[in-house]
Each structure stands twice: as C-alpha cells, then as structure tokens.
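Written out below as structure tokens is the structure these notes cover.
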Amino acid sequence: MINLNENFLFKSDTSNQNTIQDHDAFESNVVLANNSIEKGAWDEAYRYLKAAVGMNPDYAQGYNHLGIFYTRNKKYAEAIDNFKKALQIDFSLMEVHYNLAYLYMEREEYSTALPYLKEVVLANPEDYETYYLMGICCIRSNMEKEAMSFFSESHRLKPEHTPSAINLCKLLIKKDDYAKAKNILLYTHMKDASLPEVNLLLGIIYKMQKKYNRAMHYLREVLLTDKNHAEAYNLLGECCMETDMEKQAETFFSMAAKLDSLDMEAFYNLGHLYYKQEKYRNAIYILEEYLKTKEASDTINSLWSENVQTNEDKIVMLYNLLGYCYKATKDLIKARSVWEKSLTIQPQQQDIKDALSDLPKPLHKQVSLVID
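Counting from 1, one number per residue, gives the positions in the sequence shown under the UniProt record's numbering.
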C-alpha cells in the first residue's frame, strides 16, 4: 500500500498530449509537481497539480496526486472525488486503488475498502501484503471466515510475513485448531524468538493443551520483552493455579490487575483465589475495586458512545463470586443485592436462584399509620 507520508515520483500521462493546447506548459507543471512531491513539499506541488489537470482533464496521475494531497490534509471528500476521477480515466492505475483503500481504512470504513483491494490482487495475485490488508478489513467487518481465507493466502505466499501468521493463528486458536496454529507459530518463532505476540499465542495454546510448564516458558519469554504485559501475567497465574502454586499465582494475578485496572479476568482470578483460601474480605475488596473502576469507565464511555459493550458472561461470574463472598461474611443483604443484579443480566441461572431462595427473606419495615 502506498504510504501517504512518503514521497513518490510518477511519470506524466502522455495518452492525450495531442489534445493539450499548451503542451509545454502542461509538461512544465507536471515536472514541477513531481519534483515537489519527491522533496515532500506537497503544498508546493498542489498548485502545479491543479494547473496540470486544468490544462489536461485526462491527466489521471494528477488526480491521484491530488487525492494524496487531500488525504494528507484530512479532506476526505475531496480526496475520494479526485481518486475516483483518476480511476474513471485509467482504471488500471493500481496505486489509486491502493490509495482509496488506505483512505477508507484510515476512516475505519473497512467494507468499503475491500473492493479496491480486490482489484489489486486481481491484477497481481502474488501480492501477499494486499491479501493481509483484506484480512484486516474482514476482521474489522466481522467476516471471520473470509478473513481466514485472506490471511491463509497471504501466509501461503509469504510464510515469513509475521502479521499474517499471527492473525491467522488467532483465528485458528478461536476455532480450537491448536495443532495447525502451533506449527505456524513455531516456524515463526524459529525465525525470531523475541516476538511477544508469538510467544503469547504459544503460551495460550500450550495452556489450552494443559501443558502448563511449557506454556509458562513462553509466557515468561513475553515478559522478558515486555515487563508490563498484563495478559501474560494473568495467564501465568492461571498456569500456576493448575500446578498448585497458589503463592506465585497471587503474585501474577496482582501484577496483572495493577497493570490493567479493567482486566476483568485478572480481578476475577485473584478474587476467586482469595475465596478459595477463605480470605473473603480480601476477595470482596478486589472485586469491589474492579466494579468501581468499571462503573466509572462505562460512565465516561457512554458520553462518547451509546453502545457500551460488556462481556456479560464474565461480569455475571464476578457478581456471583462476590455474592458468595458476602454470604461467607454474613452480609446477606449485599449478597442478595449482587445476585439480583446477576439475574437481571442472565435470568436463567438456577444455581443463583437457589442460592437466593436459601437466604432469609428481608424484613420489611413496618409502616405506622399514626400521625403525630
């Protein structure tokens, strides 16, 4: 994809030079524009480009350059208009398809970017980078099946292309195809053992396969490169829990929670560990701290977006655990309160319904009819 922050020099379009009244003036403006672009002086290039397309309305490359100028200045409507003019004149200019795709991806209009990227791979079926970009567009458009196809093709064409390998493996892991994902990741790891995301995914796979010591090896490799990687700390804690190393697990969960105050899994895991150890007050403190932070975050996010997304399954698990902690400390009113919240999210929880029914009924304050 053309990087709009770099300089590019293109040849002028000579397809209709015979129709240009002032041929020398046109060529002069093209040369001056290209020289300015080569120096990165786009503001200077702009006036020469405008003059050139004024003299030759069929100068496709001029409209392409104008599109780049407008994109760089975030004038997207003007950029789109000029790119489309370029394609109307010469649909075979692949850099224009790239630039339109880049613009739409920058605007997060991924499904709109896809057709332009498809034109590029139709012209060059060996272009692994464009297949990768198509995969990214599909992921962002909730088209996982198509994304896997594009990432697979990119990886087939260039196995050394790490971004394609990583994104393909994420989808394979999501589909529980650990064997294929592991083979790709081990090949990538062999080329560069320091990549945090590759080590993280290998750690996840070995953890899912219950090979906890092997998983911990790769997760520690992540932390050697990035000591602030909250997810790696949390996964290490989970591996420690599975291998009866509760003290180490507490350290890792605490670190993950400290690094990411919205990491629900880390807070839940730490709270669950304290509950298991019958440190109910500690568990309540940790779980309540998370809920306070989440509530504040949701309030702020709601100011910017109407749809504040929450992983309902996980928040329900957290409410349920907090309810059991309150019950263990004899705070039955709060236990009832959080379990009722849990049931408003997922009403079909028979175990929580049973737990609620086992609690003493709340005493209602008697209302006096006597008026003083």
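We put the CB at the ideal spot given by N, CA and C, even for glycine.
Given the structure is predicted, the values throughout are model-derived calculations rather than measurements.
Which whole-angstrom value describes the C-beta separation of residue i and residue j, a residue pair presumed to lie in contact below a C-beta threshold of 8 Å?
{"i": "A335", "j": "L359", "result": "7 Å"}
{"i": "G67", "j": "A52", "result": "Actually they do not touch by this definition, with Cβ atoms about 14 Å apart."}
{"i": "Y342", "j": "Q349", "result": "It should be pointed out that residue 342 corresponds to Ser in this sequence rather than to Tyr. Their Cβ separation, rounded to whole angstroms, is 7 Å, which keeps S342 and Q349 in contact under 8 Å."}
{"i": "N64", "j": "L93", "result": "6 Å"}
{"i": "A230", "j": "L223", "result": "Not really, about 10 Å apart at Cβ, beyond 8 Å."}
{"i": "residue 404", "j": "D58", "result": "Examination of residue 404 is not possible in this model, given that the chain is present from 1 through 372 alone."}
{"i": "K191", "j": "E242", "result": "Not a contact, Cβ separation roughly 30 Å."}
Nearest-angstrom Cα distance between residue i and residue j?
{"i": "L186", "j": "L202", "result": "8 Å"}
{"i": "T251", "j": "L168", "result": "32 Å"}
{"i": "M317", "j": "A266", "result": "13 Å"}
{"i": "D354", "j": "A181", "result": "42 Å"}
{"i": "L321", "j": "D260", "result": "20 Å"}
{"i": "S254", "j": "L273", "result": "11 Å"}
{"i": "L369", "j": "S297", "result": "Note that L369 has pLDDT 49, beneath the 50 cutoff, so the model's placement of it is unreliable and no number is given."}
{"i": "S12", "j": "H217", "result": "Low confidence applies to S12: its pLDDT is 39, below 50, so where it sits in the model is not reliable, and the reading given next is rough at best. Cα to Cα, S12 sits roughly 57 Å from H217."}
{"i": "E27", "j": "I37", "result": "15 Å"}
{"i": "Y324", "j": "L200", "result": "33 Å"}
{"i": "W42", "j": "F69", "result": "6 Å"}
{"i": "S357", "j": "Y275", "result": "22 Å"}
{"i": "E238", "j": "K247", "result": "12 Å"}
{"i": "K361", "j": "D176", "result": "45 Å"}
{"i": "D170", "j": "I352", "result": "It is worth fixing the name first, because residue 170 is Lys in this sequence and not Asp. The alpha-carbon atoms of K170 and I352 are separated by roughly 34 Å."}
{"i": "Y178", "j": "T188", "result": "15 Å"}
{"i": "Y98", "j": "S152", "result": "21 Å"}
{"i": "N7", "j": "G40", "result": "Legend: pLDDT at N7 = 34, less than 50; position of this residue unreliable, value from coordinates given subsequently. Distance between the alpha carbons of N7 and G40 is about 6 Å."}
{"i": "V96", "j": "I204", "result": "41 Å"}
{"i": "C137", "j": "V30", "result": "35 Å"}
{"i": "N73", "j": "M105", "result": "16 Å"}
{"i": "F91", "j": "M264", "result": "50 Å"}
{"i": "K211", "j": "L262", "result": "28 Å"}
{"i": "K149", "j": "Y206", "result": "Reading off the sequence shown, one finds Ser at residue 149, where the question assumed Lys. Those two C-alpha atoms are separated by around 25 Å."}
{"i": "S154", "j": "E108", "result": "22 Å"}
{"i": "E289", "j": "N82", "result": "53 Å"}
{"i": "A193", "j": "N228", "result": "19 Å"}
{"i": "A25", "j": "N35", "result": "15 Å"}
{"i": "N183", "j": "T225", "result": "22 Å"}
{"i": "E78", "j": "A33", "result": "19 Å"}
{"i": "P125", "j": "K118", "result": "10 Å"}
{"i": "K258", "j": "R47", "result": "54 Å"}
{"i": "I333", "j": "E340", "result": "11 Å"}
{"i": "V338", "j": "K145", "result": "39 Å"}
Checking 9 Å against the spacing of the C-beta atoms, do residue i and residue j come in under that value?
{"i": "A256", "j": "N282", "result": "no"}
{"i": "L287", "j": "Y268", "result": "yes"}
{"i": "R214", "j": "L236", "result": "no"}
{"i": "T162", "j": "L133", "result": "no"}
{"i": "K85", "j": "A45", "result": "no"}
{"i": "R140", "j": "Y116", "result": "no"}
{"i": "L157", "j": "Y128", "result": "yes"}
{"i": "L49", "j": "T71", "result": "no"}
{"i": "G135", "j": "A147", "result": "yes"}
{"i": "Y319", "j": "I284", "result": "no"}
{"i": "V198", "j": "A249", "result": "no"}
{"i": "T130", "j": "V120", "result": "yes"}
Nearest to residue i by CA position, among the options, is which residue?
{"i": "Q209", "options": "D192, Y46, H229, I173", "result": "I173"}
{"i": "C240", "options": "L270, L259, S261", "result": "L270"}
{"i": "K314", "options": "K294, A101, M245", "result": "K294"}
{"i": "L114", "options": "M143, H189, P159, T188", "result": "M143"}
{"i": "A101", "options": "P125, Y76, I89", "result": "Y76"}
{"i": "Q277", "options": "D263, D244, M264, L262", "result": "D244"}
{"i": "H23", "options": "G54, R47, W339", "result": "G54"}
{"i": "Y280", "options": "D331, E312, K258", "result": "D331"}
{"i": "Q346", "options": "S337, I333, E312, V338", "result": "E312"}
Measuring only between beta-carbons, confirm whether residue i sits less than 9 Å from chain C.
{"i": "Y70", "result": "This model lacks chain C altogether, as it is built from one protein chain only."}
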